[in-house]
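S.K.: First residue of the sequence shown: 0, per numbering that gives the first Met the number 0; consecutive thereafter.
For glycine and all other residues, C-beta sits at the position ideal for the given N, C-alpha and C.
Quick one: structure below, then a few questions.
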Amino acid sequence: MRHAPFDIVVTLHDALGFAAGRFDDALRLAWLPLSLITGLPFLMVRLFEGGIAPSYLAGLNLFAAAFFMASFMVPLTRLAVQGEATPSASVHLSFGLRQIRFALVSLLSIVGAVAVVGGPVTLGVFFLERMVENLPLREVFVFDEGSLHGGQVNVLFPDTTGAKNLYILLVNVLFPTGLAYLFMRLFLWPFFLAAGDPGTKSPLIRSLRASAGTNGFRLFLVILMLLFVQMVIGWGAQFMAGLANWGASLVGGLLQITLDLGVDFGASRWGPGLSQGFALFIGLAMTLFVGTFSAGLAAGAAGSIIRQTDPHADPL
0 MRHAPFDIVV TLHDALGFAA GRFDDALRLA WLPLSLITGL PFLMVRLFEG GIAPSYLAGL
60 NLFAAAFFMA SFMVPLTRLA VQGEATPSAS VHLSFGLRQI RFALVSLLSI VGAVAVVGGP
120 VTLGVFFLER MVENLPLREV FVFDEGSLHG GQVNVLFPDT TGAKNLYILL VNVLFPTGLA
180 YLFMRLFLWP FFLAAGDPGT KSPLIRSLRA SAGTNGFRLF LVILMLLFVQ MVIGWGAQFM
240 AGLANWGASL VGGLLQITLD LGVDFGASRW GPGLSQGFAL FIGLAMTLFV GTFSAGLAAG
300 AAGSIIRQTD PHADPL
């Protein structure tokens, strides 16, 4: 049995309304985990400098970031779905059973989608590469017309364009399409888990039903629109950060002018550090703003879809 279709306009309205109206709650929950996620790559490089492969380092960053994200996404999702009050502490970093499950399910969704789609594609590419390598080596003796003895050796398959086109189709079309489809189908799984599991159906089954049929196309459109909103917000944040950095450069230039004029009130000591600190502060502030708003969009959209499609969800 499929869930009822959800309304795209209502979902987008709820997502934007939740991200803007609950921004203070989201920021209070997310500022510390997002700060840790931002500094995590630099910390990992320092801890494992030269002693670990870059691929393993990226995996560790992804694993740790998933747990930090779960710390604030779980209470945000429960707020969006059920209106459950969020923790009131201004420093929030919790790793309960629900957060651990949310993080593991999120990682499993990514790894599972890549494995399910990438496995057959990789196998197909392997055989295609072997075939393309061997085809030009296969030869056949072709008799001259009207002769029983004369002839020449020709390459049996001189043109491997068909195999190469199939290779391009597998790598550039089927793989990203299949990956996008699985990501879309599994997108709601962590959110259903965070919202709770009333009834007898598991969060995975409920999420697959909520994204089945025409709801899958609706969910795809919602994700695209939310990504567009995030891009616009990101561009605005970059513009504001650029203005702030320009202001910092202007202040630095004025300090340098005073030094050139022989007026030194300690600026030679604290001036460079002030500029660097200001740039770091602005960069972190913009990262927190975009990350918090994006988290609110995701939780608001998922909460709206769950309320519209899941008969077990309590409407706000």
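(1) Taking 6 angstroms as the limit between beta carbons, can you name the residues of its chain near Gly299, skipping five residues before and five after?
(2) I'd like the ranges of any alpha helix (DSSP H) spanning at least 4 consecutive residues and lying wholly in the region 10-87.
(3) Which residues in the same chain as Gln237 place their Cβ atom closer than 8 angstroms to its Cβ, once the five residues preceding and following it in sequence are excluded?
(4) Using a 10 Å radius around the Cβ and a threshold of 16 neighbouring Cβ atoms, would you call Val221 buried or exposed?
(5) CA-CA distance, Ala29 and Leu187?
(6) For Asn171, count the other beta carbons within 10 Å of its own beta carbon; 16 or more makes it buried, fewer makes it exposed. Which is it?
(7) Can you tell me the Cα-Cα spacing of Gly282 and Gln81, whole angstroms?
(8) On the three-pair Cβ rule with 8 angstroms, is the region 54-66 touching the region 83-91?
(9) Hey, could you find the ends of the alpha helix (DSSP H) Pro202 is sitting in?
(10) For Leu68, count the other beta carbons within 10 Å of its own beta carbon; 16 or more makes it buried, fewer makes it exposed. Which is it?
(11) What number of angstroms, rounded off, separates the C-alpha of Leu75 from the C-alpha of Leu296?
(12) Under a Cβ-count criterion, where at least 16 other Cβ atoms within 10 Å of its own Cβ denotes burial, should Ala301 be classed as buried or exposed?
(13) Tell me which residues share the same chain as Phe191 and place their Cβ nearer than 7 angstroms to its Cβ, disregarding the 5 neighbours each side in the sequence.
(14) So, for Pro32: in the same chain, excluding its five sequence neighbours on each side, which residues have a beta-carbon less than 7 angstroms away from its beta-carbon?
(15) How should Gly290 be labelled, buried or exposed, when 16 other C-beta atoms within 10 angstroms of its C-beta is the threshold for buried?
(16) Between Phe219 and Met183, what straight-line distance do the alpha-carbon atoms span, to the nearest angstrom?
(17) Assuming the contact rule is C-beta atoms closer than 8 angstroms, Pro189 and Ser293 should be a hit. Round their C-beta distance to whole Å, please.
(18) So, are the CB atoms of Leu11 and Met230 less than 8 angstroms apart?
(19) Under a Cβ-count criterion, where at least 16 other Cβ atoms within 10 Å of its own Cβ denotes burial, should Ala84 be classed as buried or exposed?
(20) Closest by CA to Ser108, which one among Ala179, Pro53, Val44, Leu96?
(21) Which residue wins for smallest C-alpha separation from Leu21, given the options Val110, Arg77, Phe280, Gly38?
(22) Should Phe292 be listed as close to the ligand FAD, given that the test is whether its C-beta is under 7 angstroms from any heavy atom?
(23) Roughly how many whole angstroms lie between the Cα atoms of Arg45 and Phe280?
(24) List the endpoints of the continuous alpha helix (DSSP H) containing Gly177.
(25) State buried or exposed for Val73, treating a residue as buried only when at least 16 other CB atoms are found within 10 Å of its CB.
(26) Could you spell out the range, first to last residue, of the alpha helix (DSSP H) harbouring Ala3?
(27) Should Asp24 go down as buried or exposed, given a rule of 16 or more other Cβ atoms within 10 Å for buried?
(28) Note down the Cα distance separating Trp245 from Met239, rounded to an integer number of angstroms.
(29) Under a Cβ-count criterion, where at least 16 other Cβ atoms within 10 Å of its own Cβ denotes burial, should Phe316 be classed as buried or exposed?
M.R.: Walking through what the data contain:
(1) Asp13, Ala14, Phe17, Ala18, Ala79
(2) Listed in chain order, they are 22-46, 53-81.
(3) Met285
(4) buried
(5) 20 angstroms
(6) exposed
(7) 34 angstroms
(8) no
(9) 202-209
(10) It should be pointed out that residue 68 corresponds to Met in this sequence rather than to Leu. With 16 or more other Cβ atoms within 10 Å, it is buried.
(11) A direct Cα-to-Cα measurement between Leu75 and Leu296 gives close to 10 angstroms.
(12) If you draw a 10 Å sphere on the C-beta of Ala301, you find 16 or more other C-beta atoms in it, and that means buried.
(13) Taken in chain order, the residues that qualify are Pro202, Arg205, Ser206, Ile305.
(14) Phe67, Met68, Ser70, Phe71, Leu92
(15) Of the other Cβ atoms in all chains shown, 16 or more fall within 10 Å of the Cβ of Gly290; this residue is therefore buried.
(16) 6 angstroms
(17) Incorrect: roughly 15 angstroms between the Cβ atoms, too far for contact.
(18) no
(19) exposed
(20) Ala179
(21) Reading off the sequence shown, one finds Arg at residue 21, where the question assumed Leu. Among Val110, Arg77, Phe280, Gly38, the Cα nearest to that of Arg21 belongs to Arg77.
(22) Among the components modelled here there is no ligand, and therefore nothing to report on the ligand FAD.
(23) 21 angstroms
(24) DSSP places Gly177 inside the alpha helix (DSSP H), whose first and last residues are 174-185.
(25) buried
(26) Where Ala3 is concerned, there is no enclosing alpha helix (DSSP H), given that its DSSP letter is neither H nor E.
(27) buried
(28) 10 angstroms
(29) The question about residue 316 has no answer here: the residues shown for the chain are numbered 0 through 315.
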